[in-house]
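**Student:**
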Amino acid sequence: MGLNNTPNADRVHIGIFGRRNAGKSSVINAVTGQNLAIVSEVLGTTTDPVYKAMEILPLGPVVLIDTPGLDDVGELGELRVQKAFQVLNKTDIALLILDVNSGFSKEEEKLLELVKAKNIPFVAVLNKTDIAKEDKIKEFEKLLKDKYNIENVVSVSAEKKDGIFELKEKIASLNTEKEKSPIISDLVCPGETAVLVVPIDESAPKGRLILPQQQTIRDLLDNNAMAAVTQVTTLAKALESFKEPPKIVVTDSQAFKEVAKIVPENVPLTSFSILFARHKGELSTLVNGVKAMDNLKDGDTVLISEGCTHHRQCNDIGSVKIPNAVRKYTGKNLNFEFTSGGEFPLDLSKYSLIIHCGGCMLNEREMKYRIACANDAGIPMVNYGVLLAQVNGILKRSLEPVEKDI
Ligand SMILES: Nc1nc2c(ncn2[C@@H]2O[C@H](COP(=O)(O)OP(=O)(O)OP(=O)(O)O)[C@@H](O)[C@H]2O)c(=O)[nH]1
Ligand SMILES: [Mg+2]
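In this note's numbering, the protein residues as written are 2 to 407.
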């Protein structure tokens, strides 16, 4: 695969923020050396987030995201501002573009607060240095460093292409690797064994294991631990054959109930989906989301969102099985709304709960974005797996081994 074929999900996403006319689009053009973005002296030229996949040395493959000004006004303007802030949930590195001749006001303060809360690497870019006095530039740089504790400040002129090389070097120096929780290596010590239950049924792919199963085995091996892989039918025999009980049993969620009957109470049992939700940092959100089911009231609206558009193949799980399960569990009269594929509502405020599919067809970045938007809006969110585990009475046991991370 050539570099140009790097899938967008794997590229570093650089979000470019700032007030109208600060020079966001001009900075994008200067950094890419191309006239990609429309630049004009009219306030609010960029009205929607614009995504451009690019190769920028020394950064490699990136996606640059141009956004509307954070100080846009009026009904449409406010929607644009909301969209711009949501782009933060897709951003690995944020650039805040400032016109050196204007100040640092509430829009910038809000952005700064959000990038800090979301732990996003961040550069403040002082633009239009070609039309500013040297003293003014120095004073502004000092304000950003001393008053706002901004570590990375670069002064540029997008128009004259001054400081653009330094800006690219600065961006390239930022660390965008987010630390992830391990898959299983913290739960099984070197020399200990985990039993993995992998049913081979019609939903299993031909001739191989699926990625989460492979990754779990690899994580155990990396940690000098052992994996014993079995189907449900041979699980009892496998357990009998051990001198000591295994450290943990991990099963496919679909088989959890059956497996729970075979695995003695004193042996920790969980599912691959719980381990991976924890690995991706989503577990606490999903567990809080499932708890919110207990607070649903008559007349509440619940959003059911699927990543893929082929409901049929999912056996109408989202349109029939999940709503029925929630109605039965809560005993409440609820309204359900549905979205599928790429669409996810901008305004989540009318929902009391969001129930999302596992995200099989959505990339991890898009899933993270949706979870972050739900968190921003203060709306609880759960996925099918955790919800079904709860209504089937198996969630509690599957969470016990990972209790410390919830
Ligand atoms: N002198 C000078 N003018 C600049 C510089 N960068 C941008 N401008 C001018 O500032 C105006 C706004 O630039 P844009 O790049 O469109 O700004 P923007 O932040 O994308 O604006 P919106 O899309 O409206 O939010 C244009 O007239 C640019 O020519 C610079 O470095 N020096
Ligand atoms: Mg613009």
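Even for Gly, the Cβ is constructed at its ideal location relative to N, Cα and C. Only a predicted model underlies this, so the values are computations on that prediction, with no experimental measurement involved.
(1) Does the distance from the C-beta atom of THR48 to that of ARG21 stay below 8 Å?
(2) Once you ignore the five residues that flank ASN334 on each side, which residues in its own chain have a CB closer than 6 Å to its CB?
(3) Report the partner residues of LYS53 according to the DSSP bridge assignment.
(4) Is it buried or exposed for ASN90, if we count other Cβ within 10 angstroms and need 16 for buried?
(5) Given this structure, state the Cα-to-Cα distance separating GLY3 from ILE380, to the nearest angstrom.
(6) Just verifying my parser: in three-state terms, what is the DSSP assignment at ASN393?
(7) In the DSSP output, which residue or residues are listed as bridge partners for SER272?
(8) Please report the residue range of the beta strand (DSSP E) in which VAL327 lies.
(9) Based on DSSP bridge pairs, tell me the residues matched to GLU338.
(10) Can you tell me whether DSSP reads VAL387 as helix, strand or coil?
(11) From the beta carbon of ALA278, is the nearest beta carbon of chain D less than 8 Å away?
(12) Closer than 6 Å by C-beta to VAL288: which residues in its own chain qualify, once you throw out the five before and the five after it? Chain order, please.
(13) So, are the CB atoms of LEU297 and LEU349 less than 8 Å apart?
(14) Could you spell out the range, first to last residue, of the beta strand (DSSP E) harbouring LEU354?
(15) Taking PHE243 as part of the alpha helix (DSSP H), name the residues at either end of that continuous run.
(16) Jot down the residue ranges of each uninterrupted beta strand (DSSP E) in the region 162-207, minimum 3 residues, whole runs only, in chain order.
(17) Taking 7 Å as the line, does the beta carbon of ARG21 fall inside it for any heavy atom of ligand 1?
(18) Check whether the Cβ of THR92 sits closer than 7 Å to any heavy atom of ligand 2, and report yes or no.
(19) Taking the Cβ atom as the reference point for each residue, do VAL124 and LYS171 lie within a distance shorter than 8 Å?
(20) Less than 8 Å separating the beta-carbons of ALA237 and ILE263?
(21) Buried or exposed: which applies to ASN30, given that a residue is buried once 16 or more other Cβ atoms fall within 10 Å of its Cβ?
(22) Sorted by chain position, which residues of the same chain lie with C-beta nearer than 6 Å to GLY259's C-beta, five sequence neighbours on each side aside?
**Tutor:** Taking the coordinates as given:
(1) With respect to the 8 Å criterion, THR48 and ARG21 are not classified as neighbours on the basis of their beta carbons.
(2) ASP299
(3) The partner list for LYS53 (beta bridge, DSSP) reads LEU65.
(4) buried
(5) The pLDDT assigned to GLY3 is 44, lower than 50, so where the model puts this residue is not dependable; a value taken from the coordinates is nonetheless given after this. For GLY3 and ILE380, the distance between alpha carbons rounds to 41 Å.
(6) Residue state, collapsed to three classes: coil.
(7) THR252
(8) No beta strand (DSSP E) contains VAL327, which is instead part of the alpha helix (DSSP H) from 323-331.
(9) LEU304
(10) Per DSSP, reduced to three states, the secondary structure at VAL387 is helical.
(11) Checking the listed chains, one finds no chain D in this structure; it contains a single protein chain.
(12) Short of 6 Å from the beta carbon of VAL288, and not among the five residues preceding or following it, lie these beta carbons of its own chain, in chain order: ILE407.
(13) no
(14) Judged by DSSP secondary structure, LEU354 falls within the beta strand (DSSP E) whose first and last residues are 354-357.
(15) Where PHE243 is concerned, there is no enclosing alpha helix (DSSP H), given that its DSSP letter is neither H nor E.
(16) 194-198
(17) yes
(18) no
(19) yes
(20) Contact: yes.
(21) buried
(22) One detail in the question is off: residue 259 reads as Glu in this sequence, not Gly. If we look at GLU259 and ignore the five residues flanking it on each side, its Cβ neighbours are VAL233.
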